[in-house]
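For the sequence shown, full-length UniProt numbering gives the first residue as 1, with consecutive numbering after it.
What follows is a short report on a single structure.
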Amino acid sequence: MSFWPFGNSNGSSSLNKLLESPDLTLDELLDNPDLLSELREGNNNRLLEFVVKPDNLVAMVNSVVDSVDFFLADETADAAEMAERSMKYKNLQDPLDGEEEEESADDRLRRRYHVASQVLALDSWLISDLLADQHGLLVHLWSVLAKPLVASLPLITYFTKINEQLLDARPDQMLNFIRTQGDLVDSFLRHIEIPLLMDLLLKITLTDKPDSPSGIVELLHEQHLVAKLLAFLQPQFRPSMQSSAGDFLKALITISANTSYTQDQCIGPNELTRELVGEKCIQTIIGVMLGRGSGLATAVGIVIEVIRKNNSDYDQIDVLETTVESHPPNSRDPIFLGPMIRLFSENLGRFSELFVSILTPLVATSMGVEYESLGYERYKISELVAELLHCSNMKLLNSLDAEKVVRKRDIERKGKERRIAEALDDGVEGEITRTDVEVIDGVSGNHTDSINDKAGDSIDALSLAMEEVSLGVSSAAPYDPCKPPVVDSTTARLYTQSFFSQLAEINNTTLAEPTPSSRDVEQQQALAREFEEKSDDEAGEDQVEEKEDSVSSVGIGSSTEDSTSIASMESSADDDITPENPFVTDARDRSIRARPTLGDLYKIKLLDSKLLENVISSFLRFPWNNFYHNVVFDLVQQVLQGKLHSYNSFLVNELFNHEIGLTNLIILGHQRCTMNEIEHNLRLGYMGHVILIAEEIVQFTQMYKPELISATIYAKLNQNNWVTYVNEILMKTREMYNCVLGGIKPTEEDVYVNPDAILLGDGSEETKDADEDAEGDAGEDAETVLEGVEARFDDGETLHRVARHKN
1 MSFWPFGNSN
11 GSSSLNKLLE
21 SPDLTLDELL
31 DNPDLLSELR
41 EGNNNRLLEF
51 VVKPDNLVAM
61 VNSVVDSVDF
71 FLADETADAA
81 EMAERSMKYK
91 NLQDPLDGEE
101 EEESADDRLR
111 RRYHVASQVL
121 ALDSWLISDL
131 LADQHGLLVH
141 LWSVLAKPLV
151 ASLPLITYFT
161 KINEQLLDAR
171 PDQMLNFIRT
181 QGDLVDSFLR
191 HIEIPLLMDL
201 LLKITLTDKP
211 DSPSGIVELL
221 HEQHLVAKLL
231 AFLQPQFRPS
241 MQSSAGDFLK
251 ALITISANTS
261 YTQDQCIGPN
271 ELTRELVGEK
281 CIQTIIGVML
291 GRGSGLATAV
301 GIVIEVIRKN
311 NSDYDQIDVL
321 ETTVESHPPN
331 SRDPIFLGPM
341 IRLFSENLGR
351 FSELFVSILT
361 PLVATSMGVE
371 YESLGYERYK
381 ISELVAELLH
391 CSNMKLLNSL
401 DAEKVVRKRD
411 IERKGKERRI
421 AEALDDGVEG
431 EITRTDVEVI
441 DGVSGNHTDS
451 INDKAGDSID
461 ALSLAMEEVS
471 LGVSSAAPYD
481 PCKPPVVDST
491 TARLYTQSFF
501 SQLAEINNTT
511 LAEPTPSSRD
521 VEQQQALARE
531 FEEKSDDEAG
541 EDQVEEKEDS
551 VSSVGIGSST
561 EDSTSIASME
571 SSADDDITPE
581 NPFVTDARDR
591 SIRARPTLGD
601 LYKIKLLDSK
611 LLENVISSFL
621 RFPWNNFYHN
631 VVFDLVQQVL
641 QGKLHSYNSF
651 LVNELFNHEI
661 GLTNLIILGH
671 QRCTMNEIEH
681 NLRLGYMGHV
691 ILIAEEIVQF
701 TQMYKPELIS
711 ATIYAKLNQN
721 NWVTYVNEIL
731 MKTREMYNCV
741 LGGIKPTEED
751 VYVNPDAILL
761 GDGSEETKDA
771 DEDAEGDAGE
781 DAETVLEGVE
791 ARFDDGETLH
801 RVARHKN
């Protein structure tokens, strides 16, 4: 019995012959087709020792950097020449070709660049270890970011693969190197339209976990990453650049979600997202939105992602139920959306004016009928309104103590960071600066372990300090997120002159400060409970819960006397709510407006600006835009399902008054759909959402007593046309939607025989009798079912009828 060796023995022998040569060069080794496969196997120690020689590592890094100019020249070559080169390269690598054309010098150089980059990116501990320890090589490798790049360059793939491998194999050394990059943000943002490079920056950010901080988030914060990304949303930049900046911000928000800290792709709330929802950055976002254009769509997407990924109802720390002593604040505290909702509330009037001022052309349908197009700007504004309404319903934003508690935690957190930073300023920062100079001076290649050890020890000390608090130390001017500091010479070399002139011009442009409003608000008076029929026991339980809430708020900042008085006012207000004295009154309106929560403030401004009216009233104007119909349905559903002991009751009343007239809107939509079906045999696109909105209204009337909310709602819901619509059209539509497709499912013992089927049998009388019985039963069942499927509408005409089978 013999054992055959497995593996590429011919390739190993050819490489061994090369390695035995005393004059072997790196180029000769890179030309060998078996080099990569042999290195991946990791069995050839002689080969590995030759590859990791300092001179060879330097040469391979140089080849990666030098490939930029080479491939850029290829980008400008003629298309026909590029196709010819590609075909030659393909034939060169095809072992099935009988004859190979002679390889040109450019093709040989291109192949060597590719092989060298693959060698550096191999999953080899020795290669990664030696490369990560050579600080000068990393500096030279990262110098490619200072060059003009395009997304199609092969170098982009080479660069990202090498750095991702180093981050996985030697994260400590790589993070130490990255933290020394004073122009890290500018280096990447110069290539913001290259997805692979921005993904690499995101992966670097992912290394900063709450349980194992790396200091990357603080570094990006100090270099004003968020403010510079928002600058790209200005109209001076191309839509592609705006989209790229928005995509990165949304990805950053996603990995900074307030839930699932333990996931590999999540780092939790941090200073970057906290800066994003701060007043100055929100002012910038609002200015971009009001400027219209593609920046509007991008900015709305950013705000929506912030709200969805930072719902305070799912925060790991409930700031209303905890104290500074029990849960000391730190840089990973949940972010507070209060400043954002306040600024948007104050600017809803401007969004309402923009919504009605947008002009869009008419669009012809396949039926030859012209309809007004919605336009993406109008749609994005409506989507923003709906998402902000979701935000205003969060528990934290409906507490009068929220702003005060969060402000107290912010002051404590910043004070702690400042104290730690001052303690580390003289020791850690000075050592890092001195060590960085020494390491950078060693670019020539003769790098000693002592220098790297010093750098590593210094950065490790800094990392340990950042586990407690963020450093936040900078010798520059005070930080302004919407006005980055003056650019130094290093950054200026990275940016082209035209790019930086645009960026500086935008960053120096700030929005006017909004008019200040009362922030330290007191407890809200005359709150009412939900208006639904409850038993005496349930009412008693609700009173107990309200008392507990009042007691819990005492520990946050209110006195016991205030809480008791407010609870008594709530109880008395509830007792006074009757059909003669409903909740929606002018007195209660003035009371809530005097001391609104942030959630109520948004609802008040939404009502006063008439933006809610403009969005919902436009429902029938755009019969074929289902995305818009879904947004309107979402708005109506939120209002009808919202809590009624807040200003939401006034929004409910607004839905039914004469300006919006939700019931009349539904009936009018049904009538238009009926006429269009008669004329064109086609239902309008909004009909499905009309039914859904009607169902929400019916569900609302079943849960609450409308007469206790407003006389307007009660009157609208008792109009004859609405009662007829609900009892006839909506009921029959519901039955039709709930009907089982194909009729009633037969039971197991029933024998169904198709009455039109041609039965083949022996002609016996027993078979005929059984067939006749089965046919009769089936005919009766079909008659009963099909009669119930008929759908008649209020005009008396039958629009949908299923033909019955007659024997």
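Positions of the beta carbon are idealized from the N, C-alpha and C atoms, including for glycine.
Mind checking His-680: buried by the 16 CB within 10 Å criterion, or exposed?
Answer is exposed; the Cβ neighbour count stays below 16.
How long is the line joining the alpha carbons of Met-174 and Leu-184, rounded to whole angstroms?
C-alpha separation (whole angstroms): 13 Å.
Is the segment 222-235 touching the segment 295-313, taking contact as three or more C-beta pairs under 8 Å?
Yes, the segment 222-235 touches the segment 295-313.
Roughly how many angstroms lie between the CA atoms of Asn-270 and Gln-641, to the nearest whole one?
Near 33 Å, if we compare the C-alpha coordinates of Gln-641 and Asn-270.
Report all residues from its chain with a CB closer than 8 Å to the CB of Ala-402; omit the five preceding and five following residues, and keep chain order.
The answer, listed in chain order, is Val-319, Leu-320, Phe-336, Gly-338, Leu-396, Thr-597 and Leu-598.
Are the CB atoms of Leu-665 and Leu-655 within a distance shorter than 7 Å?
Not closer than 7 Å, so no.
Give me the residue from Leu-137, Gly-349, Thr-207 and Arg-378 with the minimum Cα distance to Asp-608.
The candidate whose alpha carbon is nearest that of Asp-608 is Gly-349.
Measure from the alpha carbon of His-629 to the alpha carbon of each residue in Ile-660, Asp-186, Leu-692 and Val-726, then state which is nearest.
The candidate whose alpha carbon is nearest that of His-629 is Leu-692.
Going by beta carbon distance, what residues of the same chain come within less than 6 Å of Leu-730, once the five residues before and after it are set aside?
Excluding residues within five positions, the ones whose Cβ falls inside 6 Å are Ala-694.
Assuming Leu-601 and Ser-399 form a contact by the criterion Cβ under 8 Å, report the distance between their Cβ atoms to the nearest whole angstrom.
That pair is no contact at about 13 Å.
Just verifying my parser: in three-state terms, what is the DSSP assignment at Glu-321?
Residue state, collapsed to three classes: coil.
Taking just the CA atoms, how far does Asp-172 sit from Ser-37?
So the two alpha carbons sit approximately 28 Å from each other.
State the DSSP-derived secondary structure class of Val-363, mapped to helix, strand or coil.
Val-363 falls in the strand class under three-state DSSP.
For Ser-764, count the other beta carbons within 10 Å of its own beta carbon; 16 or more makes it buried, fewer makes it exposed. Which is it?
Confidence at Ser-764 is low in this model, with a pLDDT of 46, below 50, so its placement is unreliable and no value can be given for it.
What did DSSP end up calling residue 809 once you bin it into helix, strand or coil?
For the chain, the structure presents residues 1 to 807; residue 809 sits outside this window and is missing.
Quick check on Thr-298: does DSSP put it in helix, strand or coil?
Helix at Thr-298.
Quick one: what does DSSP say residue 808 is sitting in, helix, strand or coil?
The question about residue 808 has no answer here: the residues shown for the chain are numbered 1 through 807.
What does DSSP give as the partner residue(s) for Asn-581 in the beta ladder?
Looking at the DSSP assignment, Asn-581 forms a beta bridge with Thr-578.
Residues in its own chain within less than 7 Å of Glu-279 by CB, not counting five upstream and five downstream?
Within the same chain, Glu-279 has close Cβ partners Pro-339 and Leu-343.
Quick one: give me the first and last residue of the beta strand (DSSP E) that Tyr-371 is part of.
Run containing Tyr-371: 370-372, per the beta strand (DSSP E) assignment.
Closer than 7 Å by C-beta to Lys-250: which residues in its own chain qualify, once you throw out the five before and the five after it? Chain order, please.
Only Gly-301, Ile-302 and Glu-305 meet the Cβ criterion.
Closer than 8 Å by C-beta to Phe-50: which residues in its own chain qualify, once you throw out the five before and the five after it? Chain order, please.
Leu-19, Leu-24, Leu-29 and Asn-56.
Report buried or exposed for Glu-579, applying the criterion of at least 16 other Cβ atoms within 10 angstroms of its Cβ.
Residue identity differs from the one stated: residue 579 is Pro in this sequence, not Glu. Exposed is the call here.
Please report the straight-line C-alpha distance between Asn-44 and Val-61, rounded to a whole angstrom.
C-alpha separation (whole angstroms): 22 Å.
At which residue ranges does the segment 230-268 contain complete alpha helix (DSSP H) runs of 4 or more residues, listed in the order of the chain?
For the segment 230-268, whole alpha helix (DSSP H) runs of length 4 or above, ordered along the chain, are 239-255.
Which first and last residues belong to the alpha helix (DSSP H) in which His-327 is found?
Counting along the chain, His-327 falls outside any alpha helix (DSSP H), and DSSP gives it neither H nor E.
Roughly how many angstroms separate the alpha carbons of Arg-332 and Thr-322, rounded to a whole number?
The straight-line gap from Cα to Cα measures roughly 15 Å.
Relative to the C-alpha of Phe-70, which candidate in Asn-16, Leu-137, Leu-145 and Pro-154 has its C-alpha closest?
For the residues Asn-16, Leu-137, Leu-145 and Pro-154, the minimum Cα distance to Phe-70 belongs to Pro-154.
Taking just the CA atoms, how far does Pro-328 sit from Ile-592?
Those two C-alpha atoms are separated by around 33 Å.
Checking 7 Å against the spacing of the C-beta atoms, do Ile-253 and Lys-203 come in under that value?
Contact flag unset, no.
Quick one: what does DSSP say residue 848 is sitting in, helix, strand or coil?
No answer is possible for residue 848: the residues shown for the chain start at 1 and end at 807.
When DSSP labels each residue in this structure, what does Leu-400 get in the three-state scheme?
Here Leu-400 sits in coil by DSSP.
So what's Leu-48 in DSSP terms, helix, strand or just coil?
Note: Leu-48 maps to helix in three-state DSSP.
Taking the alpha-carbon positions, what's the Leu-290 to Arg-378 distance?
So the two alpha carbons sit approximately 12 Å from each other.
Within its chain, find whatever has a CB closer than 6 Å to the CB of His-191; leave out the 5 residues flanking it on each side and keep chain order.
Excluding sequence neighbours, His-191 sits near Leu-149 and Leu-197.
What does a CB cutoff of less than 8 Å around Leu-651 pick up in its chain, not counting 5 residues either side in sequence?
So the qualifying residues of the chain are Lys-603, Leu-606, Leu-607, Leu-612, Val-639 and Gly-642.
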